Amino acid sequence: MLDNKQKAKEFYQCLGKLFYSIAMADKKVMPKEIASLRKDVKKYWLSPDHEVDEFGTDAAFQIEIVFDWLHEKEAEAEEYFKEFADFYETHASLFNPQTKKRIWKTADDIASSYAHKNKSELIFLNKLKLMLSQS
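Using my numbering, you'd call the opening residue of the sequence shown number 109 and step up by one each time.
Quick look at the structure:
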């Protein structure tokens, strides 16, 4: 079992993977998608109690760090969506209804930020919606 700090870090890293996979669903990440992610991290994910990682930064910034790292290496979307799905299944207790709503809102905002949602993004969003509604 992961300790709380490690679990928080891994949780936010997996969110970074999920949000990257939504942005990269159509094989390119647009600047508006990155801007949407950054806005939503500040709006929905920065903790009021400021859970910090081992470097003294808010653990929620792991979302942006992982997203940026994957974007830099131009990683494929499907692999990282699956990693999030595996984490979700293994750590279902971390995903309460409010957290699921924030995940959905952030993913939907990213997909809608550039020329609305395309077919590839809709496929990922439908998979995510199904996953979030099953537990």
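The beta-carbon is built from N, C-alpha and C at its ideal position, and this holds for glycine as well. Here the structure is a predicted model, which means the values were calculated and not measured.
Close Cβ partners of residue 171 (< 7 Å) along its chain, the five nearest in sequence each way excluded | For residue 171, the CB contacts under 7 Å within the same chain, skipping 5 residues up- and downstream, are 120, 123, 124, 127, 149 and 153 in chain order.
Flag this pair as touching only if the stretch 129–145 and the stretch 208–223 have three or more C-beta atom pairs under 8 Å; answer yes or no.
-> yes
Simplified DSSP assignment, three categories, for residue 148 = helix
For the candidate residues 239, 113 and 225, whose alpha-carbon lies nearest to that of residue 191?
-> 239
The alpha helix (DSSP H) spanning residue 188 covers which residue range?
-> 185–198
What's the gap between the Cα of residue 222 and the Cα of residue 196?
-> 27 Å
Pick from 178, 202 and 115: whose alpha carbon is nearest that of residue 137?
-> 178
Check residue 182 in the structure and name its three-state DSSP category.
-> coil
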